[in-house]
Amino acid sequence: AQSVSQHNHHVILSEAASLELGCNYSYGGTVNLFWYVQYPGQHLQLLLKYFSGDPLVKGIKGFEAEFIKSKFSFNLRKPSVQWSDTAEYFCAVNQGSSNTGKLIFGQGTTLQVKP
Amino acid sequence: GAGVSQSPSNKVTEKGKDVELRCDPISGHTALYWYRQSLGQGLEFLIYFQGNSAPDKSGLPSDRFSAERTGGSVSTLTIQRTQQEDSAVYLCASRIRGNQDTEAFFGQGTRLTVV
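Chains as they are written, first to last, in this note's numbering: chain A, 172 to 286; chain B, 5 to 119.
In structure tokens:
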């Protein structure tokens, strides 16, 4: 079965530190990839997505992610985090051949940024 | 409405009672999804609607769970004879269509506590 693995469950950083959150998936076919963020008390919001084309995608708030097909990975990065980036981050995948668009999520990574 | 709306936002129920959770998707969105977010389990897919039909119910955990959608709009998730393990946040999402290359928008969820 298709699965998504996020390696870091809880990350604590100081402001201005660089961030990389790992995401690996287990599906050999065409995939669409997403990172969602959930700020405290808010709903899930899309940070960025990859469907095709340039494997380096840029999202909102200075986030970017790189799709490496050979490694089945879609890691999220930000060069310099801010206190306001404190949130839970979810990687998600759907099969490119799917006609349902359902998402398979990783377990999430809680990011705490210390001021 | 401007976004996906779910009600109630919080529900506490006694074990064995039935509950109904409501989702109002974004107007014009034909695809609707229910997910469940449990502590330590991440986000799990429950069911997918395209219009009023549910072509993918594969994530419903038991026959105590059912869902319907009427008028291609509002959806209700019903849990019968609730159990403590049903305690979770139930999230609804909608997309303009079910194809994989569109963004899913999430509601704020219903936090269900079974006591």
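Just so you know, even glycine gets a beta-carbon here, dropped at the ideal spot from N, CA and C.
Quick one: Cα of residue i to Cα of residue j, how far?
i, j, result
"residue 250 (chain A)", "residue 200 (chain A)", "31 Å"
"residue 246 (chain A)", "residue 47 (chain B)", "19 Å"
"residue 69 (chain B)", "residue 223 (chain A)", "36 Å"
"residue 117 (chain B)", "residue 33 (chain B)", "29 Å"
"residue 120 (chain B)", "residue 90 (chain B)", "Chain B is shown from 5 up to 119; residue 120 (chain B) falls before or after that span and cannot be answered."
"residue 11 (chain B)", "residue 61 (chain B)", "21 Å"
"residue 204 (chain A)", "residue 58 (chain B)", "24 Å"
"residue 231 (chain A)", "residue 218 (chain A)", "6 Å"
"residue 282 (chain A)", "residue 274 (chain A)", "22 Å"
"residue 78 (chain B)", "residue 35 (chain B)", "11 Å"
"residue 228 (chain A)", "residue 180 (chain A)", "23 Å"
"residue 197 (chain A)", "residue 241 (chain A)", "12 Å"
"residue 182 (chain A)", "residue 21 (chain B)", "39 Å"
"residue 178 (chain A)", "residue 9 (chain B)", "32 Å"
"residue 265 (chain A)", "residue 202 (chain A)", "6 Å"
"residue 285 (chain A)", "residue 211 (chain A)", "15 Å"
"residue 105 (chain B)", "residue 66 (chain B)", "30 Å"
"residue 168 (chain A)", "residue 260 (chain A)", "Nothing can be reported for residue 168 (chain A), as the shown portion of chain A is limited to 172 through 286."
"residue 280 (chain A)", "residue 88 (chain B)", "25 Å"
"residue 108 (chain B)", "residue 72 (chain B)", "19 Å"
"residue 19 (chain B)", "residue 76 (chain B)", "32 Å"
"residue 7 (chain B)", "residue 74 (chain B)", "18 Å"
Whose C-beta lies closer than 8 Å to the C-beta of residue i among residues of the same chain, with five residues either side of it excluded?
i, result
"residue 233 (chain A)", "249, 250 and 251"
"residue 23 (chain B)", "15, 17, 82, 83, 86 and 116"
"residue 173 (chain A)", "196, 197, 198, 264, 266 and 275"
Please go through the same chain and pick out, in chain order, the residues whose beta-carbon is closer than 7 Å to the beta-carbon of residue i, but skip the five residues on each side of it.
i, result
"residue 94 (chain B)", "25, 38, 40, 81, 113, 114 and 116"
"residue 175 (chain A)", "194, 196, 262, 263, 264, 275, 276 and 277"
"residue 92 (chain B)", "40, 41, 42 and 116"
Suppose the cutoff is 6 Å on Cβ atoms and the five residues either side in sequence are ignored; what does the same chain contact list for residue i look like?
i, result
"residue 216 (chain A)", "208"
"residue 190 (chain A)", "249 and 252"
"residue 235 (chain A)", "229 and 248"
"residue 221 (chain A)", "204, 228 and 238"
Just checking: is the beta-carbon of residue i within a distance shorter than 8 Å of some beta-carbon in chain C?
i, result
"residue 46 (chain B)", "Within the model displayed, chain C is absent; protein chains A and B are what it includes."
Touch test, the segment 29-42 of chain B against the segment 92-108 of chain B, Cβ-Cβ under 8 Å, three pairs minimum:
Contact holds: three or more Cβ-Cβ distances are below 8 Å.
Between the segment 35-54 of chain B and the segment 252-272 of chain A, do three or more beta carbon pairs fall short of 8 Å?
Contact between the segment 35-54 of chain B and the segment 252-272 of chain A is present: three or more C-beta pairs spanning the two stretches fall below 8 Å.
Counting pairs of beta carbons, one from the segment 240-256 of chain A and one from the segment 184-193 of chain A, are three or more of them closer than 8 Å?
Touching, per the Cβ criterion.
Short of 9 Å Cβ to Cβ, which residues in the segment 103-114 of chain B face chain A?
Of all residues in the segment 103-114 of chain B, those with a C-beta nearer than 9 Å to a C-beta of chain A are 103, 104, 105, 106, 107, 108, 109, 110, 111, 112 and 113, reading in chain order.
Mind checking the segment 51-79 of chain B against chain A and listing, in chain order, the residues whose C-beta falls within less than 7 Å of any C-beta there?
From the segment 51-79 of chain B, only 52, 59 and 60 have a Cβ closer than 7 Å to chain A.
Within the segment 31-118 of chain B, ranges of the beta strand (DSSP E) (whole runs, at least 3 residues)
Qualifying beta strand (DSSP E) stretches, in chain order: 35-42, 46-54, 57-60, 69-73, 79-83, 92-99 and 114-118.
Threshold first: 3 residues or longer. Then list the beta strand (DSSP E) segments lying entirely within the segment 220-286 of chain A, N to C.
Within the segment 220-286 of chain A, the runs of beta strand (DSSP E) that reach at least 3 residues and sit entirely inside it are, in chain order, 227-229, 235-239, 244-249, 258-266 and 280-285.
With 9 Å as the limit, tell me which residues of the segment 266-285 of chain A have their beta carbon closer than that to any beta carbon of chain B; keep them in chain order.
If the cut-off is 9 Å between Cβ atoms, the segment 266-285 of chain A has 266, 267, 268, 269, 270, 271, 272, 273, 274, 275, 276, 277, 278 and 279 near chain B.
Residues in the segment 27-40 of chain B with C-beta within 7 Å of chain A's C-beta atoms, listed in sequence order?
Answer in chain order: 35 and 37.
Check each residue of the segment 214-227 of chain A: if its Cβ is closer than 9 Å to any Cβ of chain B, include it; give the result in chain order.
Residues 214, 215, 216, 217, 220, 222 and 223.
Give, in chain order, every residue of the segment 181-212 of chain A whose Cβ lies closer than 7 Å to some Cβ of chain B.
Cβ contacts with chain B: 203.
For the segment 84-99 of chain B, list every residue whose C-beta sits within 9 Å of some C-beta in chain A, in sequence order.
Cβ contacts with chain A: 95, 97 and 99.
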